[in-house]
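Student: In mature numbering (1 follows the signal peptide of the UniProt record, and there is no 0), the protein residues as written are -43 to -1, 1 to 692.
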Amino acid sequence: MVFSNSNREGRIAGSASGKQAALLLTPLAALVAVALHAPAVHAADAAKEQTLVVEAADDSADNTQASDYSVPVTQAGAKMTLTAREIPQSVSIISKQRMQDQQLQTLGDVLKNSTGVSESVADFDRSTFYSRGFLIDNYMVDGIPTVFEERWNLGDSAADTAIYDRIEVVRGATGLMTGTGNPSAAINMVRKHADSREFVGNVSASYGSWDKQRYVLDLSAPLTDSGNVRGRLIAGYQDNDSYIDRYSANKKFIYGVVDADLTDSTTLSVGYDYQETNADSPPWGGLPRWYIDHSKTDYDRSVSTAPDWAYSDKQSRKVFATLTQRFDSGWQFTLNGTHTETELDSKMLYIDGFFDKNSGIGVSAYPDYPVVGGTGYNTGKRKVHALDAFASGPYELFGRQHELMAGVSYSRQHNLYMSSFANLSADEVGNFNNWNGSFPETDWGPLSLAQEDTIHQKSAYTATRLSLADPLHLILGARYTQWSASTLTQNVEKNRITPYAGLIYDINDAWSAYASYTSIFNPQTYRDINGSYLAPVTGKNYEAGLKADWLNSRVTTSVSVFRIEQDNVGQSSNLFIPGTQESAYVAAHGTVSKGVEFEINGAVTDDLQMTLGATRYMAEDGDGIAINPTQPRTSVKLFAAWTPPALRDLTVGGGVNWQNKVWQNVSAPEGNGSWHAEQGSYALVNLFGRYQVTKQLSLQANLNNLLDKKYDTSVSQYVVYGAPRNVTVTANYSF
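1) Which class does Pro397 belong to by DSSP, given the choice of helix, strand or coil?
2) For Pro45 and Tyr462, what's the separation of their Cα atoms in angstroms?
3) Of the choices Ile51, Thr281, Pro397, whose alpha-carbon is the least far from that of Thr224?
4) Going straight from the alpha carbon of Asn659 to that of Met567, what length do you get?
5) Only counting runs of 3 or more residues, tell me where the beta strand (DSSP E) segments fall wholly within the stretch 429 to 469, in order along the chain.
6) If you compare alpha carbons, which of Ala343, Asn391, Asn335 is closest to Met375?
7) Taking CB distances under 7 Å as the criterion, tell me whether Leu656 reaches chain B.
8) Curious, which full-length beta strand (DSSP E) runs of at least 3 residues does the stretch 237 to 322 contain?
9) Using the C-alpha atoms, what's the distance from Tyr164 back to Arg171?
10) For the candidate residues Tyr668, Tyr326, Tyr690, whose alpha-carbon lies nearest to that of Arg682?
11) On the three-state DSSP scale, how would you describe Asp16?
12) Can you list, in chain order, the residues of its chain with a C-beta nearer than 6 Å to that of Glu138? Leave out the 5 residues immediately preceding and following it.
13) Using the three-state DSSP reduction, which class does Ala142 fall into: helix, strand or coil?
14) I need the straight-line Cα distance from Met575 to Ser75, nearest angstrom please.
15) For Thr482, which of helix, strand or coil comes out of DSSP?
16) Taking the alpha carbon of residue 693 as the point to measure from, which residue in Thr513, Val672, Val386, Met97 has its own alpha carbon closest?
17) If we call anything under 7 Å between Cβ atoms a contact, is Gly193 one with Val214?
18) Could you tell me the boundaries of the alpha helix (DSSP H) in which Thr587 lies?
19) Can you tell me the Cα-Cα spacing of Asn110 and His371, whole angstroms?
20) Threshold first: 3 residues or longer. Then list the beta strand (DSSP E) segments lying entirely within the stretch 83 to 127, N to C.
21) Assess, as a yes-or-no matter, whether the stretch 59 to 73 is touched by the stretch 252 to 271 under the definition of 3 or more beta carbon pairs within less than 8 Å.
22) Give me whichever residues DSSP pairs with Asn689 in a beta bridge.
23) Given Asn622, which residues of its chain have a CB within under 8 Å of its CB, disregarding the five upstream and five downstream residues?
24) Thr685: which of Gly646, Thr651, Val676, Gln653 sits nearest, CA to CA?
25) Between which two residues does the alpha helix (DSSP H) harbouring Val28 extend?
26) Which residue comes first and which comes last in the alpha helix (DSSP H) that contains Ala383?
27) Taking the alpha-carbon positions, what's the Tyr437 to Asp564 distance?
28) Do you know whose CA, among Asp80, Ala162, Gly112, Arg123, lies nearest His98's CA?
29) Quick check: the Cα distance between His296 and Asp270, rounded to an integer number of angstroms?
30) So, for Gly364: in the same chain, excluding its five sequence neighbours on each side, which residues have a beta-carbon less than 6 Å away from its beta-carbon?
31) Is the beta carbon of Tyr50 less than 7 Å from the beta carbon of Glu125?
32) Expressed to the nearest angstrom, what Euclidean distance is found between the alpha-carbon atoms of Val561 and Arg422?
33) For Gly90, is the classification buried or exposed, using 16 other Cβ atoms within 10 angstroms of its Cβ as the cut-off for buried?
34) Which of the three DSSP states, helix, strand or coil, is assigned to Met134?
35) With a Cβ-Cβ cutoff of 7 Å, do Ser515 and Gly136 count as a contact?
36) Report yes if the CB atom of Tyr589 is closer than 7 Å to the CB atom of Asn614, and no otherwise.
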C-alpha cells in the first residue's frame, strides 16, 4: 500500500400535522418499547438488590467501563458526583468506546451523532450545533467554559477526540454550570489522564477514502518508582484529500499530562495540548442553490468554489492545571486553571449569486449591491484565561445526609480579528459554468480591524442536594454572574442571579421521576441593522421526565419533556449591517420551544452495546413563526455494537441517523422577494466491524453513508453537500 502526503504549495409550515406526527412516532414508540424491555429482562436476576456504590468523589477516566457506551458517574449538571439518573436534566455521555467504534474523531463528529443535537454547516470547514432549536454556545474542557464565536471559524468543532476520555452533553439551560448561554446544551470535554502505574501504550494507523491517513500514539508510564507521579503522551497526524475538488488538509496534535499524588489526599495534574490544522483550497460557503429562472441546480458533489490559492490555517494551544485536595470528612476541594490561545489565518473566496443556466452569467442576491461573491483575508486570535475553584462534600441535617457544592470562577476572553475584503462582480467571475478554481488572487490591501472585544465573567455558585426522604431528593442552587464586554463601539455590563431547582423521586430500585427549573440569562454580541447590540436573552427552562438505570448504571434510559420560554432571541435578518460584512440581527420575543426526548444508552445485554436517541420539538416566536427552521424538529439516532457469543473476537454493528424536513426562506435575485430552500427528510446508514486478531492487535473497518445519499447540510441560498459513501480501515495495537 502506498501512502502519499499532501502539502500546501502555494416559510412553509414547519411542523407535521397531528396525523403525520402519529405516523412518525408510532414506529418510534415500538422501538422505544423494545429498548425499554431489553435491559429490564437483562437485569431481572440482579437488579432487585443491586445498588451503585460511589467509593470516592472522583470524576476521572477510571469511572469509564472499558467496553461500555455508558459511564457510571459524572459531575455534569451540578459539579457533584452523581449517576445520570440522579441528575434532573437530560444528559448524554459519549464514551471513548463509542467514539472508537464509530470512529468519531472530532468534536463535530461526536455532536452530529449525539441525541438532540443537530448541525448547521456553513461550508466544508465551518459547523455550528443546535439543540432544542437554539445555538449551542457553551463549550467546556474539564468544566471550564469557552465562548465560541459563530461569526469566526477557529476550528473548534475540529478538536480531535483522541485526547478525550468522553464528551458530556447536558441539554437545556445550564446556568448553574456556565452562568450565561443559550438554553440549548452545554458540551463538556473530559480529558484523558495519566492513570496507569505501569508502562502501557497504544498505536493506531488508518487509511480511507480520498487518501485519508491517520496515525495516533498513546503512551502512559510511571515517572517514579512508586508510580505516585505518572505521565501520558498522545500524539497524532492526519493527512487527507477530499470528495471536493482541490481540497486537501493535514492535522497535527500533541497532548501531554503529568498526574502526581503529592500526598495520600492531594493530587496535582498539569498538562498541555497543541493542535494545528492546515487546509488548502477550502470553499467559503457553498454552491448556488438556484439558477436565475428559479430552477434548482444539481452540481456534482465534487464541485468547489475554492480557488487554487485559498487556504485556512488554525492553531490551538492550551495549558492547564488541576489541584485536588480530599479530606477525611468526605469533602473535596478542586482548583482548575487554564490558559488557551487559538489562532486563525485564511485567504478564501465565496460565490453568492444567481447564475444563468446557459450563459453562466450571474446577478446579485441583494438590491443595489451588484456583486456575486467576494474574497477575504482574515486573521484572528482568541485568548482565554480562566480559574475555577469549588468544594463539595456531605453534611448532616435533621438526621439525614445531604451534599453541598460551592465555588467561584473567573474568566477573561479577548478576541481580535483583522480582515481585508474585496467584492467580485459578475464580469470578474464570468461564466460560472466553466469555473475550475483558476481565479487570480486578490491584490490584498492592508488588514483592518474587524472586531476586538474583551469579555469578563465573574461568578459565585452553590448547590445542595437535600435528602428529604429515602426516595426523594431536592437539588437547589444558584449562580451569581457579573458579565461585561468591552467592544469597539461600546461597553456593556450585566449582572444576574440564575436560580436552579430539581426534584428527583425514586419510584423503585431502577426508575426515578424528576422535574427541574432553570432561569436563562445570555448577553449577546449580535448587533441590529443600526449597529446596536441586542439586549440579553432572558427566560425560563422547565423539564420533567423519567430515568432508569440497571446493572450499576451499565445501561441508562431517560424520557423527558421540556418547555423553554425566552425573549430577545437573536435571529438573522439576512441583511448586512451597512458598511460591514457582519450579519444584522433582530430580537424575537415570546419565543417558546417545547418537546420530548428519549435515550437509552449502554449495555442492553452483555453482548450488545447501544445508543438510541430521539427528539421531537417545536420552536416558534410570539407570532408563531418558526425559530431556526434549518434545524430538524424530529430526529432519531441509533448506533449499536454486537459481539456474537460464539465468536468473541468479532464485533459488528452500525447505525442510522434520521431527520425530518428542514427549510428556510432566503432572498431571491436582487432582493425581489424570497425563495424557499428545503432539504427533505433523509437517513444516513453507517456500518462497522472489528476483529481481535490477537490480544494486542485488532483490525476495524467503518463504512459511512452506506446508501450514498446525496443531501444538503446548509439549507440556505447555497448548497453544501454532505460526504458521499466512504470507508476507513484501522489497525490498532495495544501493549
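We treat Cβ as the ideally placed atom computed from N, Cα and C, and that holds for glycine.
Tutor: Answer, in terms of the structure:
1) coil
2) 10 Å
3) Thr281
4) 17 Å
5) 429 to 443, 448 to 463
6) Asn335
7) The structure shown contains no chain B; it is built from a single protein chain.
8) 268 to 283, 289 to 308, 310 to 312, 319 to 321
9) 7 Å
10) Tyr668
11) For Asp16, the predicted structure reports a pLDDT of 44, less than 50, and the residue's modelled location is therefore unreliable. The matter cannot be settled from this model.
12) Residue identity check: residue 138 is Gly in the sequence provided, not Glu. Within the same chain, Gly138 has close Cβ partners Asp94, Asn95, Asn479.
13) strand
14) 14 Å
15) coil
16) The question about residue 693 has no answer here: the residues shown for the chain are numbered -43 through 692.
17) no
18) That residue, Thr587, is in no alpha helix (DSSP H); it is neither H nor E in DSSP.
19) 15 Å
20) 83 to 88, 95 to 98, 101 to 104
21) no
22) Ser161, Ser655
23) Arg(-33), Ser631, Trp632, His633, Ala634
24) Gly646
25) Here Val28 belongs to no alpha helix (DSSP H), and DSSP marks it neither H nor E.
26) 383 to 386
27) 47 Å
28) Going by the sequence as given, residue 98 is Val instead of His. Cα-wise, what sits closest to Val98 is Arg123.
29) 21 Å
30) Ala346, Phe347, Tyr418
31) In the sequence on display, residue 50 carries Ile and not Tyr. Contact flag set, yes.
32) 30 Å
33) buried
34) helix
35) no
36) Going by the sequence as given, residue 589 is Pro instead of Tyr. Cβ atoms of Pro589 and Asn614: not closer than 7 Å.
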